[in-house]
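Comments concern the structure below.
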Amino acid sequence: MQFRRYWKFRSIYDTQYVEGICFFNGAGKLIANYPTQHSENLTRKHQGCNGWLKPTIRILKNLRSSLIDNGELQSGIAPSYYLEGLLYNVPNELFGSSYADSFVNAINWIQQGTDKSTLVCANEQYYLLRNGTPTSWNSADADTFISTAIRHWNAW
């Protein structure tokens, strides 16, 4: 179902909005999502990082799978959508030179170099970390994932 989030509506001919989709989640809550913006923003970011973003996302997702397989992380704590959003916020200059350096630089920046409450989803329509909203990652889940990922990475 099409959804529009209006920023301005002065008249039928004077509007500003972003188009998305909406659906009901398993709990019956209406969710507005913006997959086109999510995809376009990640592609633009990937290009701005000289091709380092998507491989770094893959590393993070593989690490998450390893954590789940090893019983170190509960399934569902770190959905792919939020992991992509996490790395979307990392400054471009922290990517590059090697996959390991890109990953370490990104995680260090997330853990120590930013106010996590200001991070946004890759679609730039919602904050990434908020509690009690179906469109944001629960802060405690994010912290659990990040600290577990760091512990696991350091033990490799």
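Position in the sequence shown (first residue = 1) + 12 = the numbering used here. Positions of the beta carbon are idealized from the N, C-alpha and C atoms, including for glycine. If you're wondering where the values come from, they're calculated on a predicted model, not measured in any experiment.
C-beta contact flag for residue i and residue j at 7 Å
| i | j | result |
| --- | --- | --- |
| Leu99 | Thr68 | yes |
| Leu141 | Ser151 | yes |
| Ile89 | Thr156 | yes |
| Asn45 | Gly63 | no |
| Gly10 | Ala39 | Here the chain has residues from 13 to 168 only, and residue 10 is not among them. |
| His164 | Leu95 | no |
| Pro146 | Lys41 | yes |
| Cys34 | Phe15 | yes |
| Tyr174 | Ser129 | There is simply no residue 174 to check, as the chain begins at 13 and stops at 168 in what is shown. |
Counted within 10 angstroms of its Cβ, other Cβ atoms place residue i as buried (16 or more) or exposed
| i | result |
| --- | --- |
| Ala112 | exposed |
| Leu75 | buried |
| Cys61 | buried |
| Lys57 | buried |
| Arg119 | Going by the sequence as given, residue 119 is Ile instead of Arg. Label assigned to Ile119: buried. |
| Asn143 | exposed |
| Asn117 | buried |
| Asn37 | exposed |
Cβ-based neighbour list, residue i, same chain, cut-off 8 Å, excluding 5 preceding and 5 following
| i | result |
| --- | --- |
| Trp121 | Val102, Pro103, Leu106 |
Per DSSP, cross-strand counterpart(s) of residue i
| i | result |
| --- | --- |
| Trp149 | Leu141 |
| Ser23 | Asp26 |
| Phe1 | Here the chain has residues from 13 to 168 only, and residue 1 is not among them. |
Close beta carbons around residue i, own chain, < 6 Å, minus the five adjacent residues each side
| i | result |
| --- | --- |
| Ala49 | Per the sequence shown, the amino acid found at residue 49 is Gln instead of Ala. Same-chain partners within the cutoff: Asn135. |
| Asp153 | Ile89 |
| Ala161 | Leu75 |
| Ser114 | Trp64, Thr68, Phe107 |
| Leu85 | Leu79, Thr160 |
Where in the segment 42-70 do unbroken runs of the alpha helix (DSSP H), each at least 4 residues long, occur, reported from the N-terminal end onward? Within the segment 42-70, the complete alpha helix (DSSP H) runs of at least 4 residues are 47-60.
Whole alpha helix (DSSP H) elements within the segment 97-132, 4-residue minimum: When DSSP assignments are scanned along the segment 97-132, the uninterrupted stretches of alpha helix (DSSP H) that are 4 or more residues long and fall wholly within it turn out to be 111-124.
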